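Notes follow the structure.
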Amino acid sequence: MAEAYIYDAVRTPRGRGKPDGSLHEVPTVDLAVTTLNALRKRNDLDPMLVEDVVLGCVDPVGEAGGDIARASVLKAGFGKEVSGIQINRFCASGLDAVNLAAAQVITGMKDLAIGGGVESMSRVGMGASGGAWPVDPGIAVPGYFLPQGISADLIATKYGFSRDDVDAYAVESQKRAARAWDEGRFKKSIVPVKDINGLTILAKDEHMRPQTDMQSLGQLKASFVQMGEMGGFDAVAIAAHPEVEFINHVHHAGNSSGIVDGASAVLVGSEEGGRKAGLKPRARIKSFASIGSDLALMLTGPIEVSELALKKAGMTKDDIDLFEINEAFSAVVLRYMQAMKLDPAKVNVNGGAIAMGHPLGATGGMILGTVLDELERTGKQTALVTLCVAAGMGTATVIERV
Amino acid sequence: MTNFNNFRFEVDGDGIALATWDMPGRSMNVITNEVMGELTQIVEKVASDEAIKGCVITSGKESFSGGADLSMLQEAKTQFEKLAKEKGLEEAMATFFEESRRLSLLYRRLETSGKPFVAAIHGVCLGGAFELALACHHRVLSDVDATRVGLPEIKVGLFPGAGGTQRVSRLMQTGDALQMLLKGDQIRPLMARNMGLVHQVVPRDQLVQTAKDWIKNGGSAEALWDQKGYKLPSNKVYSAAGMQIWPPANAIYRRETQDNYPAARAILEAVYQGLQLPMDQALKVESRYLAKILRSKEAAAMIRTLFLSMQELNKGARRPKNVPPTSLKKIGVVGAGFMGASIAYVTANAGMEVVLVDRDTETAEKGKAHSHKLMTDQIMKGRAKTADRDALLARITPSADYSDLKDCDLVIEAVFEDPKIKAEVIQKVEAVIPAECIFASNTSTLPISGLAKASKRPDEFIGIHFFSPVEKMMLVEVIVGKQTGDKALATALDFVRAIKKTPIVVNDSRGFFANRCVLGYILEGHLMFLEGVPPAMIENAGKQAGMPVGPLSLNDEVGVDLGLKILRATKEQLGEAAVVPAQEQLLTQLVEKDGRLGRKNRKGFYDYPENGSKRLWPGLNALQPEHLDAETLDMQELKQRLLVTQALEAARTVEEGVITDPREADVGSILGFGFAPYTGGVLSYIDFMGAKAFVDLCRTLQAKHGDRFAPPKILLDMAASGETFYGRAEAKKAA
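Protein chains in written order, with the UniProt record's numbering: chain V, 1 to 402; chain C, 1 to 735.
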């Protein structure tokens with residue numbers, strides 16, 4: 001079996017996912033092209049060496065539909081010989097794309113591939129691709145379908161996180177993200193999005209609110225109260241976790257991941273692939289895993305999947321220097337740290353999606369790059385990247401610098 | 001012209017046919033195999049005869065029709081099971097599927113026959129009959145208040161399978177359609193028109209003419225959904241609108257049913273799938289669900305208990321045949337407290353005169369004022385008129401004088417639950433009432449035979465046990481004492497029938513029937529609490545098992561102090577072994593140390609804040625000797641414990657001869673304390689599980705949780721012989 005190495009990782013800045021967001025004018029395919037071209041340019045990469053481009057996209061419809069990976073490859077000018085595939089495991093799609101690329105390398109079927117993702121939430125819209133899971137009673141009912149915010153509130157209720165707890169975490173995420181930007185910790189991976197004339201459209205994450213404090217968050221009303229009561233979802237949450245008497249609704253826009261646009265791309269290859277491309281590996285992919293988990297809690301998959309990925313890597317959590325868990329909601333991270341008994345100083349050290357946003361299909365590739373940059377910056381060795389996934393799943397990847 | 005057994009069929013000078021449904025020897029039209037056959041002939045005649053322009057379908061009776069013959073549906077299921085044994089499951093299923101969709105295909109043929117059909121409806125038109133109307137191209141209702149349309153199948157665990165789910169969901173917004181189908185309400189004429197279910201509401205004498213005029217004026221023979229360019233009222237399922245509708249609909253379904261009712265789930269699924277298909281395929285999918293639901297044990301159990309048995313009990317199945325019908329004109333009620341005042345209300349509401357007696361006129365007047373309040377509430381809700389209130393109040397005579405009871409046909413006492421006080425009342429009443437007057441006690445705790453000792457005429461003495469709140473609770477337990485005679489029983493049953501409630505006849509026993517089962521439910525909740533099960537989990541286990549409220553909530557409703565009182569009385573009379581010491585300690589702590597009496601003082605297992613919903617009292621935590629981790633608990637077992645304990649108690653009442661007819665235990669358990677209706681009641685719960693499986697379950701629970709789950713001999717015998725409670729009852733009747 002070959003080893004899979006990470007040769008490079010890039011991401012766009014994240015634009016506010018609304019019509020007034022800076023990236024709203026940029027078609028989905030161009031976001032992906034930006035990252036593909038960046039990998040090519042900064043590594044002086046012969047695109048013909050790339051044997052597949054795997055892109056995660058959660059709402060692959062309209063301009064993002066019909067295999068956005070192939071469209072991006074063609075528009076980036078990689079050549080008609082380079083194949084592309086779009087995959088979807090909801091929020092983990094970007095990381096799964098990297099894992100799938102790595103798997104192809106490990107089996108020896110490919111020597112060099114790109115994994116990543118793209119999502120223009122402002123242009124396509126969250127939920128635009130529909131799906132049977134929330135709608136078809138034959139799956140929604142036995143599957144205890146809940147909107148994610150209700151699941152996050154259920155996690156907070158069940159595991160005892162108060163409104164103050166989740167708000168405090170959000171404030172910390174904003175602080176860490178602001179510091180990371182101020183100190184230039186992201187500059188290695190960020191690729192500005194430019195127009196056809198070379199003018200910069202966006203160079204920095206624009207969702208952040210560094211001035212956020214407990215007072216300002218305290219003024220926000222919990223978002224899912226009405227949905228939970230009128231929509232019947234609180235009752236579903238309780239039916240699945242009957243020791244809970246009522247749902248304590250604590251999440252709101254300020255302690256949940258932001259809706260943004262963006263793309264990511266990670267260059268993965270075997271030793272041979274790197275040699276052919278004249279590249280030096282930055283890290284080794286030690287292991288990866290995906291699992292299904294409790295349906296109503298939905299977002300606790302990272303716990304089980306991290307344990308599985310660590311086991312497959314022959315490691316324990318103490319062997320990991322940095323943890324990167326997607327900040328879908330505050331309670332997701334708090335529960336993860338509680339269950340894994342983690343030191344918060346090792347987790348999401350440069351902030352996360354609460355501050356900077358979560359461009360669904362792209363995020364996995366983004367946070368993998370972020371944590372790799374941080375390992376290199378601090379001279380540390382190992383990291384675990386994980387994301388919670390809709391419909392009760394989780395994906396994780398363990399990396400080690402070489 | 002042509003004549004059928006069940007229809008009169010005539011064609012007028014304009015070429016418009018009138019099919020008048022009027023089944024011989026029945027007060028109500030019902031859909032039978034023969035009716036389906038004749039309706040098929042009518043449809044084909046109208047379709048093929050060029051002289052006929054269209055057809056109006058109406059009824060020759062005071063109502064249109066109540067729908068399909070439910071015993072026919074039960075018969076179909078029996079046929080299926082027989083065929084499955086003979087020819088194998090697959091062939092039986094294929095036959096059953098085709099059989100069960102005959103009505104749906106007939107209606108679709110009517111709808112696509114090329115000739116316009118109009119339903120002209122007066123009186124109730126429900127279920128399969130309303131599905132016939134929905135398949136017609138136009139629907140006209142009489143404006144009479146008694147006219148009602150609807151699809152109530154869901155109430156007996158069934159599913160509107162002759163196009164109902166598909167046509168309703170194409171006539172109105174999906175959310176409204178689901179609500180109508182899942183609630184099964186009977187809908188008044190104007191409301192039906194507003195909902196888009198019918199087209200016109202006219203005076204009864206213009207019904208048929210209006211229907212004919214619609215045809216004459218060129219009414220289309222093409223249903224909306226068969227027309228080009230038809231758009232669904234809520235747009236496509238997979239659309240932005242659909243995303244707003246379906247996820248909450250699925251969640252609310254679980255909230256309202258706990259996913260215990262396959263028919264309700266089938267409605268959701270059939271509508272969801274059907275809306276994505278053209279009509280013929282949509283109907284086929286609906287038929288698939290019908291064939292599945294018709295074979296479900298929930299439908300069988302609910303049809304038997306909530307339709308057949310309830311109807312039989314309401315018609316006086318247990319009334320002694322040798323007693324001529326009694327005529328109840330004047331009823332005495334002694335004790336104008338909450339129960340007495342409510343009994344006076346339901347009695348006067350049924351048109352009988354009431355003498356309401358208490359120790360002084362003021363108290364009696366206060367009892368009458370309760371009726372004033374209840375009627376005023378009705379007026380505010382638009383369900384009664386001021387004149388109704390005046391008339392009802394005029395029928396209630398408050399009095400402090402027992403001699404006013406002298407010409408009563410029946411006297412019911414509802415005084416304080418103290419044998420001495422009751423004995424005094426019995427003697428005072430018997431001193432004035434005529435020889436043919438029956439005396440009834442509304443006691444809920446004291447054995448009737450004991451009270452009857454104070455009576456000089458124990459054969460005319462009976463228990464009539466109402467449930468609170470009387471005006472809402474549909475069950476009445478009629479308690480037969482050792483010496484109670486047939487006339488007393490007949491009179492009590494006639495009275496219960498007159499006030500339109502459902503009676504069950506119970507032989508005398510401590511707690512009679514319903515309260516015995518209920519106490520078991522509450523006790524199990526207390527024991528789980530003491531084991532360390534999280535209180536919310538106990539409550540949710542009760543609700544998920546299908547009970548209306550959790551056991552701790554129920555204890556709060558009846559009063560924690562009352563629970564303690566009953567427990568102590570039981571201990572005093574039956575000895576230490578009859579009670580669970582830990583339960584006594586818990587209730588003593590709650591009542592005497594913490595002052596938590598239940599909802600009445602806003603402090604029980606729950607806190608009841610002035611504004612806002614009730615919440616479990618945080619102090620409960622300290623009363624639990626240990627705390628179990630929810631993740632280690634088996635929810636299925638918690639649910640089973642809560643139902644099994646009640647079913648076991650019911651089995652014991654059968655063994656002791658307290659209950660003599662399984663229909664009464666089943667109907668009584670659902671109406672009296674809301675026992676998981678999808679099971680068909682406490683004994684059907686055992687019957688449908690099978691005595692052997694139930695005994696095995698009891699043994700498992702006994703090993704883990706104690707001897708209260710020990711199956712009684714009657715169940716061991718049934719498990720050995722493979723009998724059911726209903727089978728035994730049949731055998732006894734035959735013998």
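Note that CB positions come from ideal geometry on N, CA and C, so glycine has one too. All values reported here derive from a predicted model rather than from experimental measurement.
Assigned with DSSP and collapsed to three states, V:K194 falls in strand. For C:L268, the chain V residues whose Cβ falls inside 8 Å of its Cβ are P137, V141, in order along the chain. Closer than 8 Å to the CB of C:I252 there is at least one CB belonging to chain V.
For the segment 230-254 of chain V, the residues whose beta carbon sits under 8 Å from a beta carbon of chain C are, in order, M230, G231, G232, F233, A235, V236, I238, A239, H241, P242, E243, V244, E245, F246. Within chain V, the C-beta atoms nearer than 8 Å to that of C:V237 come from V135, in chain order. Of all residues in the segment 270-289 of chain C, those with a C-beta nearer than 9 Å to a C-beta of chain V are V271, Y272, Q273, reading in chain order. Around the C-beta of V:V402, fewer than 16 other C-beta atoms lie within 10 Å, and the residue is accordingly described as exposed. In terms of beta-carbon proximity, C:A536 lines the interface with chain V, with at least one pair separated by less than 8 Å. Setting aside the 5 residues that flank it on each side, V:H249 is surrounded in the same chain by D153, A222, F224, V225, G228, each with a C-beta closer than 7 Å to its C-beta; the list follows chain order. Around the beta carbon of C:N6, a 10 Å sphere encloses 16 or more other beta carbons of the protein chains shown; the residue is thus reported as buried.
Just so you know, the alpha carbons of C:G559 and V:V135 end up roughly 43 Å apart. Listed along chain C are P247, N250, A251, each with a C-beta nearer than 9 Å to that of V:F145. For C:P469, the CB contacts under 7 Å within the same chain, skipping 5 residues up- and downstream, are S342 in chain order.
Against chain V, the CB of C:N540 has a partner CB under 8 Å away; the residue lies at that interface. Interface annotation for the segment 151-182 of chain C against chain V: empty, criterion Cβ-Cβ distance under 7 Å. Straight-line measurement puts the Cα of C:E460 at about 14 Å from the Cα of C:P320. Residues of chain V with a Cβ closer than 8 Å to the Cβ of C:M635 are, in chain order, P242. Counting only Cβ-Cβ distances below 8 Å, C:A291 has no contacts in chain V at all, with the closest Cβ about 16 Å away. At least 8 Å separates the beta-carbon of V:G273 from that of V:G94. Look at the beta carbons and you see the segment 203-215 of chain V touching the segment 354-364 of chain V: at least three pairs across the two are nearer than 8 Å. Among the residues of the segment 115-134 of chain V, those with a Cβ less than 8 Å away from any Cβ of chain C are G127, G130, P134, in the order of the chain. Along the segment 615-632 of chain C, the positions whose C-beta sits under 8 Å from a C-beta of chain V are R615, L616, A630, read in chain order. Using a C-beta cut-off of 8 Å, the segment 111-121 of chain V makes no contact with the segment 244-252 of chain C, since fewer than three inter-stretch Cβ pairs fall below that distance. Minimum Cα-Cα distance from V:K80 among the listed residues V:N99, V:P137, V:V50, V:D96 corresponds to V:V50. Three or more beta-carbon pairs separated by less than 8 Å are not found between the segment 656-676 of chain C and the segment 689-698 of chain C, which leaves the two stretches without contact. One finds A239, P242 in chain V with Cβ atoms closer than 8 Å to the Cβ of C:Q544, taken in chain order. Around the beta carbon of V:N99, a 10 Å sphere encloses 16 or more other beta carbons of the protein chains shown; the residue is thus reported as buried. Under the 8 Å criterion on CB atoms, C:M243 is classed as interfacial with respect to chain V.
C:L290 carries a helical assignment under DSSP once its states are collapsed to helix, strand and coil.
Where C:C55 is concerned, the enclosing beta strand (DSSP E) starts and stops at 54-59. Straight through space, the alpha carbons of C:I714 and C:G668 are spaced by roughly 20 Å.
Classified as exposed, C:L190 has fewer than 16 neighbouring CB atoms from the shown chains inside 10 Å of its CB. Between V:G143 and V:L295 a beta carbon distance of about 5 Å is seen, short of the 8 Å cut, so the two are scored as contacting. Under the 8 Å Cβ criterion, the segment 382-391 of chain V does not count as touching the segment 36-52 of chain V, having fewer than three qualifying pairs. For C:L308, the closest alpha carbon among the candidates C:M380, C:I52, C:T502, C:M635 is that of C:T502. Fewer than three pairs of CB atoms, one per stretch, sit closer than 8 Å, so the segment 384-396 of chain C makes no contact with the segment 444-463 of chain C.
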